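Okay, so here's the structure we're looking at.
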Amino acid sequence: MCLSLFAFCAIGIVACENVNIGAVFEGDEGVEAAFKFAVKNLNDDNPDAEFTFDPLVYDNFADGDQFVLMRNVCSIIDEGVVAIFGPRSYRNIDVVQSICDVKEIPHIITRWKSYYIDGDKTIINFYPDSSTLSRAYYDIIANMGWKTFTVLYEGDESLLRIKSLVETAHQDGVVTQMMQLDPFYTGNFRDTMRDLKKTQQKSVVIDCHIDSLFQVLTQLQQAGLMNEQYSYFITNLDTHTENLMPFKYSNANITGIRLVNPDSEYVQKVSSDLLSENLNFLESPAWKIRLEQALTIDAVNMLAAVVIDRQKSSDVRIITNKNSLLCAEPDSWEHGLSIVNLLKSYPHDGLTGRVIFDNQGYRSDLILTIFELLEGGITDVGVWSSSYGLNASRPGDVSGIDDPESMRNKSFVVEIALTEPYGMLKQTTDHLYGNDMYEGYAIDLIEKLAEMEGFNYTFVVREDKSSGSFDKKTQKWGGMIGDLLDKKADLAICDFTITSDREGAVDFTVPFMSLGISILFREPESVPPSFFSSADPFALDSWMLLGVSFVTVSLCFYFTGRICSDEWTNPFPCIEEPEYLVNQFSLSNSFWFATGALLAQGSEIAPIAISTRMASGIWWYFCLIMSASYTANLAAFLATENPIKLFTDLQSLYDSQDITYGAKVNGATFNYFTTAKEGLLQKVGKVLLDHPEYNVLDNDIGVQRAEDGKYAFFMESSSIEYVTQRHCNLMQYGDHLDEKGYGIAMRKYSPYRKKLSLALLKLQQNHFLDDLKKKWWEERRGGGACEGVVESSEADPLELVNVEGCFYMTVFGTILAFGLVLIEHFLYPLRVRKRSGIPFWKIIKAELKAYINFNSPSKPNLEVLKEIPDEAETEDDKKSEDDKEDSEENRRKSKSASQTRTFTRSRSKSVSRQSSHSRKKRSKSSGKGTPLSYGFIIPSSLENLKDIEETF
1 MCLSLFAFCA IGIVACENVN IGAVFEGDEG VEAAFKFAVK NLNDDNPDAE FTFDPLVYDN
61 FADGDQFVLM RNVCSIIDEG VVAIFGPRSY RNIDVVQSIC DVKEIPHIIT RWKSYYIDGD
121 KTIINFYPDS STLSRAYYDI IANMGWKTFT VLYEGDESLL RIKSLVETAH QDGVVTQMMQ
181 LDPFYTGNFR DTMRDLKKTQ QKSVVIDCHI DSLFQVLTQL QQAGLMNEQY SYFITNLDTH
241 TENLMPFKYS NANITGIRLV NPDSEYVQKV SSDLLSENLN FLESPAWKIR LEQALTIDAV
301 NMLAAVVIDR QKSSDVRIIT NKNSLLCAEP DSWEHGLSIV NLLKSYPHDG LTGRVIFDNQ
361 GYRSDLILTI FELLEGGITD VGVWSSSYGL NASRPGDVSG IDDPESMRNK SFVVEIALTE
421 PYGMLKQTTD HLYGNDMYEG YAIDLIEKLA EMEGFNYTFV VREDKSSGSF DKKTQKWGGM
481 IGDLLDKKAD LAICDFTITS DREGAVDFTV PFMSLGISIL FREPESVPPS FFSSADPFAL
541 DSWMLLGVSF VTVSLCFYFT GRICSDEWTN PFPCIEEPEY LVNQFSLSNS FWFATGALLA
601 QGSEIAPIAI STRMASGIWW YFCLIMSASY TANLAAFLAT ENPIKLFTDL QSLYDSQDIT
661 YGAKVNGATF NYFTTAKEGL LQKVGKVLLD HPEYNVLDND IGVQRAEDGK YAFFMESSSI
721 EYVTQRHCNL MQYGDHLDEK GYGIAMRKYS PYRKKLSLAL LKLQQNHFLD DLKKKWWEER
781 RGGGACEGVV ESSEADPLEL VNVEGCFYMT VFGTILAFGL VLIEHFLYPL RVRKRSGIPF
841 WKIIKAELKA YINFNSPSKP NLEVLKEIPD EAETEDDKKS EDDKEDSEEN RRKSKSASQT
901 RTFTRSRSKS VSRQSSHSRK KRSKSSGKGT PLSYGFIIPS SLENLKDIEE TF
């Protein structure tokens with residue numbers, strides 16, 4: 001009785017207890033969600049179990065803080081766990097592994113690991129072994145016939161992963177080359193792409209993280225390395241989870257491998273349940289499950305099965321209670337190693353196939369699926385097994401496959417939209433019916449395809465020009481896609497953008513036109529010339545140095561002229577031994593001489609000495625070079641217009657406060673922004689949603705708004721090319737924001753897709769599509785209006801705004817000159833009044849009379865006369881005075897010979913006396929005599945020099 005009661009109580013205790021499964025994650029939400037989902041499913045699938053499984057998750061710690069990690073792992077162990085999952089980083093894995101080895105608790109990881117600590121006895125890795133994967137890689141590469149290849153690796157972990165592959169290749173004589181994708185971890189792989197292109201290597205192995213794969217392939221495509229000449233083998237086992245659709249028409253041979261089969265019913269069921277549990281975890285079922293998530297689910301299920309079987313097959317109680325095993329105590333868990341051995345020997349069928357471990361704890365009997373990216377999407381081409389090796393069967397060339405159904409002699413309804421230049425009504429006065437009513441790029445393309453494939457067609461017009469979008473309220477597709485699904489049309493063609501959402505509803509041919517989203521905006525306006533545009537040819541520092549040079553050289557002329565004896569000259573050559581010499585390089589004359597040379601106008605000053613002539617020559621050479629440079633640059637500045645760009649790319653457009661922007665409502669471009677999940681695209685999409693007034697219902701309206709004001713319109717680049725051929729004031733701004741194409745749409749699984757795609761490829765090869773685009777973009781309907789304009793050989797006349805600074809300078813200089821002359825006009829009477837004592841107003845009056853007497857070239861010198869002359873004389877007085885002067889002149893001429901001899905003798909004696917007493921007379925004669933024009937004083941004895949000169 002007592003034993004029965006004890007057994008009942010024991011069973012009751014067991015039923016009330018839980019089995020804890022510990023886990024350490026580092027912010028990997030996907031793996032953590034998969035772990036919790038797997039534990040929850042265990043309890044839901046076994047409601048009558050004796051115990052339930054509880055997850056003990058620790059995910060709040062900084063990478064590298066090992067002390068905190070150890071403390072929290074110990075707290076998990078103190079709670080009582082049967083195993084610990086994770087973490088991901090090598091450093092943290094080693095910490096957890098060391099603790100688990102000491103306490104003999106199973107340690108389960110689900111990621112690639114290149115090494116194991118000596119004496120590892122509790123760790124179990126569900127991820128395939130590195131050596132096994134390397135063997136699979138090389139078998140696939142050898143089957144493709146590669147004799148040489150280049151490995152693009154991401155980092156140290158990637159390098160360790162492909163180490164065995166490279167070593168095996170070298171042993172077989174295969175030449176390999178290693179190139180790191182991003183040595184400086186900048187996120188830019190283009191430098192490596194350029195280096196790869198230079199090597200001319202066509203076979204490439206890519207080993208990188210799955211989060212970097214799409215960017216690597218995109219930059220390979222941008223570098224021109226994604227075409228039929230290149231073959232790529234991607235080692236990442238999650239390659240199929242990325243969206244590879246943008247590269248399926250690249251004609252490059254892209255091969256990958258996977259461990260999870262998304263077509264499996266079990267995988268699809270688990271994916272569906274996982275999606276319903278956590279909607280933010282996956283966007284799509286089955287093929288979106290990453291390998292680590294699938295391995296985590298398999299590991300949890302396998303661990304639970306082992307624990308349950310162990311509990312049922314043994315009377316030993318393996319459930320641990322809280323504090324039954326303390327981390328601080330030296331004891332270890334007695335059942336830990338048994339659980340580890342059971343996991344290694346227990347086969348399990350999971351999401352990643354059959355899970356079996358060998359004696360060393362590595363996964364054995366591994367089966368990998370090999371796939372290639374073809375035009376139809378991802379296609380399986382073989383399998384690789386660790387037991388049997390490679391079994392590949394590549395599909396034949398797509399061009400050699402004939403569809404069971406032919407298009408010949410069949411009739412199709414082709415839906416179009418009246419969007420220029422793809423579909424338009426013919427401009428004619430004749431009455432047309434049926435297909436004859438329409439013309440355009442799409443019309444000609446369908447006509448050519450019908451000619452090649454021998455089918456008949458009838459055009460129907462979609463009035464609202466809507467390509468089609470999914471209505472979340474009605475859960476139906478609208479536009480042309482809706483018409484295809486409702487079987488109102490068989491084919492649809494227009495500016496029909498191929499997107500992943502649309503490909504989920506209908507099939508598309510290969511793109512007949514490649515394009516990308518770009519920005520349409522007005523051409524930048526020219527910068528108005530500055531007020532002093534004539535100063536633009538030289539920079540400010542050049543002008544400053546020119547001014548310094550001018551002042552320096554002018555002072556150099558002044559001082560050189562005074563120091564050099566040859567510059568002191570006789571003002572009157574008739575005097576052989578003058579008492580005074582004059583110098584033409586006064587301070588004002590020096591500046592005037594330099595100014596004349598600088599402005600290429602010259603002056604009457606001529607240097608005499610060698611030194612001054614040398615300085616003048618150097619200055620003239622300098623002025624010649626500066627003048628020529630200024631003239632050339634001025635012509636270039638006046639002829640060049642600098643446009644003002646209000647923005648240059650999407651970022652600067654978003655930052656601009658003065659420019660609005662929009663797109664066509666519910667179009668592919670509009671959806672591209674509004675469905676973006678992060679970054680600048682998401683911000684722009686939010687603006688489009690918050691401001692519906694910025695968006696338009698038709699592209700023509702957007703083009704008109706772009707012409708009218710500060711409005712940027714998002715359009716496909718092909719449409720922008722068409723618009724800018726006809727609207728010369730519009731242009732495309734920035735590069736393409738994405739890469740996509742236009743295709744012909746049809747219902748899913750249409751048997752005519754391959755036929756039409758092959759026909760389009762042929763038209764592309766013979767340049768028919770290029771010629772067709774040139775016809776409708778550049779030749780018809782006003783095309784080419786903005787290209788090929790022959791510029792006139794004559795220069796455009798300069799407008800006033802270009803040279804207004806020169807005019808203002810001239811006006812200012814003239815006004816300044818008048819101001820200075822007025823100042824001189826009032827200073828002169830003051831000087832005369834001071835010397836002669838004549839009243840100021842009388843001097844002003846006399847000067848004004850002289851100024852307005854335009855018939856007389858002379859005026860009285862009031863400084864000499866000392867008084868104001870009388871009023872103008874009569875004609876008789878003037879005549880008698882003239883006669884008197886004539887008689888006096890005749891008298892002088894009759895005595896010229898004797899006067900000459902007398903003057904010569906007397907002058908010789910006078911000069912001799914002056915030479916002996918020159919120093920004394922110079923000091924005494926200062927301030928006396930008549931001033932010369934150069935600022936020197938003529939002695940009183942030479943005041944009659946004019947009469948002497950006339951005599952000679």
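Residues 1 to 952 (the UniProt record's numbering) are what the sequence shown spells out, left to right. Virtual Cβ for every residue (Gly too), placed ideally from N, Cα, C. Keep in mind it's a predicted model, so treat the numbers as computed, not measured.
**Segments of 3+ residues assigned as beta strand (DSSP E) that fall wholly inside the stretch 214–274** = 231–234, 253–258
**Residue from 762, 650, 145, 679 whose Cα sits closest to the Cα of residue 1013** = Since the first and last residues shown for the chain are 1 and 952, residue 1013 lies out of range.
**Reduced DSSP secondary structure (H/G/I, E/B, other) of residue 767** = coil
**Message:** Taking its Cβ as the centre, do 16 or more other Cβ atoms sit within 10 Å of residue 955, making it buried, or is it exposed?
**Reply:** Because the chain is modelled from 1 through 952, residue 955 falls outside the range shown and cannot be assessed.
**Message:** Quick check on the burial criterion: 16 or more other C-beta atoms within 10 angstroms. Buried or exposed for residue 584?
**Reply:** buried
**Prompt:** Hey, residue 242 and residue 220 are a contact pair by Cβ (cut 8 Å); roughly how many whole angstroms apart?
**Reply:** Actually they do not touch by this definition, with Cβ atoms about 14 Å apart.
**Asked** Taking DSSP as the reference, what is the three-state secondary structure of residue 723?
**Response** helix
**Prompt:** Is it true that the CB of residue 523 sits closer than 8 Å to the CB of residue 715?
**Reply:** no
**Message:** Checking 8 Å against the spacing of the C-beta atoms, do residue 179 and residue 160 come in under that value?
**Reply:** no
**Request:** Could you tell me if residue 718 is buried or exposed, where buried requires 16 or more neighbouring beta carbons within 10 angstroms of its beta carbon?
**Result:** buried
**Request:** Assign residue 333 to one of three DSSP states: helix, strand, or coil.
**Result:** coil
**Prompt:** Hey, would you say residue 489 sits closer than 8 Å to residue 413, going by beta carbons?
**Reply:** yes
**Message:** Looking at the strands, I want to know which residues DSSP matches up with residue 712.
**Reply:** 661
**Asked** So residue 373 is in the beta strand (DSSP E); what residue range does that whole segment cover?
**Response** 367–374
**Prompt:** Counting Cβ pairs closer than 8 Å, one from the stretch 443–455 and one from the stretch 753–770, do we hit at least three?
**Reply:** yes
**Request:** Spell out the partners DSSP gives residue 55 in its beta bridges.
**Result:** 21
**Asked** Grouping DSSP H, G and I as helix and E and B as strand, with all else coil, what is residue 880?
**Response** Per-residue confidence for residue 880 stands at a pLDDT of 48, beneath the threshold of 50, marking its modelled position as unreliable; the derived number appears in the next sentence. If DSSP states are grouped into helix, strand and coil, residue 880 belongs with the helices.
**Asked** Do residue 515 and residue 742 come within 8 Å of each other at the CB atom, strictly closer than that value?
**Response** yes
**N- and C-terminal bounds of the alpha helix (DSSP H) containing residue 30** = 29–45
**Message:** Using a 10 Å radius around the Cβ and a threshold of 16 neighbouring Cβ atoms, would you call residue 330 buried or exposed?
**Reply:** exposed
**Message:** Considering only DSSP beta bridges, list what residue 732 is partnered with.
**Reply:** 520
**Prompt:** Counting pairs of beta carbons, one from the stretch 371–381 and one from the stretch 248–259, are three or more of them closer than 8 Å?
**Reply:** yes
**Request:** Could you have a look at residue 825 and say whether DSSP puts it in helix, strand or coil?
**Result:** helix
**Item:** Sequence ranges, beta strand (DSSP E) only - wholly within the stretch 439–468, length at least 3
**Value:** 456–461
**Message:** Check this for me: beta carbons of residue 270 and residue 351, under 8 Å apart or not?
**Reply:** yes
**Asked** If you pair each beta-carbon of the stretch 671–684 with each one of the stretch 478–494, do three or more pairs fall below 8 Å?
**Response** no
**Item:** Whole-angstrom distance between residue 772 and residue 204, CA atom to CA atom
**Value:** 36 Å
**Asked** Are the beta-carbon atoms of residue 84 and residue 102 separated by less than 8 Å?
**Response** no
**Request:** Tell whether a beta-carbon distance below 8 Å holds between residue 337 and residue 476.
**Result:** no
**Request:** Out of 288, 181, 54, 112, state which residue places its alpha-carbon closest to the alpha-carbon of residue 30.
**Result:** 288
**Coil, strand or helix - residue 396 by DSSP** = Because the pLDDT of residue 396 is 38, which lies under 50, any placement of that residue in the model is unreliable, and the number read from its coordinates should be weighed accordingly. Residue 396: coil per DSSP, three-state reduction.
**Item:** Beta-bridge partners of residue 124, as assigned by DSSP
**Value:** 108
**When 191, 167, 150, 347 are compared against residue 131, the one with the closest alpha-carbon** = 167
**Item:** Assumed close pair residue 554, residue 591 - CB separation to whole angstroms, cut-off 8 Å
**Value:** 5 Å
**Request:** Pick out whichever of 822, 844, 823, 821 has its Cα sitting closest to the Cα of residue 975.
**Result:** Residue 975 is absent from the model: the chain starts at 1 and stops at 952.
**Request:** With a threshold of 16 other CB atoms inside 10 Å of the CB of residue 39, please say whether the residue is buried or exposed.
**Result:** buried
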